[in-house]
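Numbering (the numbering used here), first residue to last: 260 to 875. No residue lacks a Cβ here, since even glycine has one placed at the ideal position from N, Cα and C. Small disclaimer: the values here were computed from a predicted structure and weren't measured.
Structure below.
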């Protein structure tokens, strides 16, 4: 091999990635962790050094690096200084070996590959011995949450009362998986994500040290992609340098990471806010054709949506150095024009769409459908605006509601899908044929098939009643509901409530198993509004009497039995084999008494044909 080839091979073999080359060696080089550094500085200066530290945070923020710096600080020794200190400006006797991970008294262990109790037993046996050359024997256990339950339990006693020459440093990304018994024996430090602006400045400084030409926008892209991790930022920057052959540009970083151009993301956002779905789809397809990942496009849209919303409340956020000029300038403009409701709705729709795109077999199509939804929703009022418009709409008067429908309108019959309602005629009895044809001898007033829960419907305003209206039974409460036009509550009262006892101002009841949870509260509020006095409504353990619905059902059964013995009804039943009596009602009965008496049917009502049913 030629000398040139040997030199190239040697240069490649000696290359160190940026994440290792610029790894902090002291606290002054540790960026973004000022609160922790301040706490440790005070602890070392006062001699209040704990026996165990728990370092937690996302990947790449400096947990293991901080542990090594702490090990160096504890064992710091020079000709002038021989004590623990955080001032590590001069290289000490043990510093280089500790930072390179080869010091005999600083033991690093990866808990991911040493999870069992046997590995912890080895540590427990070794802590009894003094350090070989350093001041402290230091154990650094990375990813400590990977230890087994037995391993944690075996470590507890030693961790609580270690020998004075032993210190423990634990690092983890999953602090919730660490037993509380271990956490209580450690001083905990939460290492924060590094701000994108600080990361940007850090990468610019490294680019200058490496003599690399890097665009400000490209460096900002790398800082955002790192998501607060210094190691990730240096790794991506290292890759970008190789991708650009020594020069880092925004176009190259965008192509390498599959990102969309930030300016084009702002254009796409503008199309969506205008409700222009065609322009939005054209812009998305253009970004997709040049290599942008659909999920990345939606993620960038969500980030810009968050930025615009944040700028509305924190205008100073526009000074973030990691923002592109388009994002900064146009983001401020959007923040002045768009409402918070619109931004919040867009944010929620994007959050829902991103996982859909990531899990879809056709991510581009899924992203386009999400963009269409957002563009379509741009013209729609928000929920608050819709409810407000409904509240402001004029309501029909009682006279309009009571006015009969025009003669050209179609009657609301069960045959055309409308809910069956009472026509005001008095029903007598009803018989149904088993052969499919029904002869109706009573006219039944039916409620809508699907009725909302009375708990979801606010009680109507109370009618003008005399104060302290006497209430002596459930029938009185039902009558009050009728007087106040609260039909939904009356239905719930009759179906679910059993009376135990009633006194002036106090009502004890029991409820059926399927009663709404809010029924007692609704009953208390309505009694106060309708009677003009405060009521105490309590749930009793006693079974109580029958519900009003059960009482009415019993009366109806008795009436049916009496009707069956009537000669006219008996003749009808014998004329139509398989027919049966469905219901019995009193002709011209007062409201609320239908089905409550056992009078015979009224023969004075004329028959009226309706499809296959006949009413008399």
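- In this structure, the straight-line span from the alpha carbon of residue 639 to that of residue 604 is close to 11 Å.
- The criterion of a C-beta distance shorter than 7 Å is not satisfied by residue 633 and residue 554.
- Restricting attention to 465, 754 and 421, the CA atom closest to the CA of residue 382 is found in 421.
- Pairwise C-beta distances place the region 298-310 out of contact with the region 458-473, as fewer than three of them are shorter than 8 Å.
- By the neighbour-count criterion, in which 16 or more other beta carbons inside 10 Å mark a residue as buried, residue 530 falls on the buried side.
- When the five nearest sequence neighbours on each side are left out, the beta carbons in the same chain lying within less than 8 Å of the beta carbon of residue 446 are those of 309, 311, 312 and 313, in order along the chain.
- For residue 825, the secondary structure class from DSSP, reduced to helix, strand or coil, is coil.
- Note on the region 315-371: whole beta strand (DSSP E) runs with a minimum of 3 residues are 365-369, in chain order.
- Classified as buried, residue 334 has 16 or more neighbouring CB atoms from the shown chains inside 10 Å of its CB.
- Among the bridge pairs identified by DSSP, residue 398 is matched with 366 and 427.
- Residue 295 has its alpha-carbon roughly 24 Å from the corresponding atom of residue 370.
- In this structure, residue 489 places its C-beta atom within 7 Å of the C-beta atom of residue 319.
- DSSP, read as helix, strand or coil, puts residue 376 in helix.
- The C-beta distance from residue 790 to residue 755 rounds to 20 Å, too long to meet the 8 Å contact threshold.
- Counting C-beta pairs closer than 8 Å gives fewer than three between the region 469-488 and the region 431-438, which falls short of the contact rule.
- With contacts defined as CB atoms closer than 7 Å, residue 783 and residue 796 qualify as a contacting pair.
- Residue 613 sits in a helix when the DSSP states are folded into three classes.
- The Cβ atoms of residue 484 and residue 516 sit closer than 7 Å to each other.
- With respect to residue 290, residue 424 sits apart: the two C-beta atoms are not nearer than 7 Å.
- Under DSSP, residue 762 takes part in a beta bridge, and its partners are 765.
- The continuous alpha helix (DSSP H) containing residue 498 extends over residues 489-502.
- Residue 550 is positioned such that its CB atom lies closer than 7 Å to that of residue 514.
- Each of 448, 487, 510 and 450 was checked against the Cα of residue 475, and the nearest Cα belongs to 510.
- The shortest CA-to-CA distance from residue 285 to any of 770, 364, 354 and 339 is the one to 354.
- It is roughly 10 Å from the alpha-carbon of residue 758 to the alpha-carbon of residue 752.
- Contact annotation, residue 740 with residue 748: C-beta distance approximately 5 Å; criterion of less than 8 Å satisfied.
- Of the other Cβ atoms in all chains shown, 16 or more fall within 10 Å of the Cβ of residue 417; this residue is therefore buried.
- Annotation for residue 539: 527, 530, 531, 630 and 634 place their beta carbon closer than 7 Å to its own, counting only its chain and skipping 5 residues before and after.
- The beta carbon of residue 556 lies closer than 8 Å to those of 519, 524, 527, 543, 546, 547 and 626 in the same chain, with the five residues before and after it left out.
- At the C-beta level, residue 506 and residue 458 stay beyond 7 Å of one another.
- Between residue 357 and residue 339 the beta-carbon gap is near 19 Å, outside 8 Å, which marks them as no contact.
- The way I'd put it, the region 569-577 does touch the region 591-606; three or more beta-carbon pairs between them come closer than 8 Å.
- Per DSSP, residue 471 is not a residue of any alpha helix (DSSP H), being assigned neither H nor E.
- For residue 288, the closest C-alpha among the options 366, 622 and 348 is that of 348.
- As summarised for the region 547-617, the continuous alpha helix (DSSP H) elements at least 4 residues long and confined to that stretch are 553-572 and 584-596, given in chain order.
- Here the alpha carbons of residue 809 and residue 730 stand approximately 21 Å from one another.
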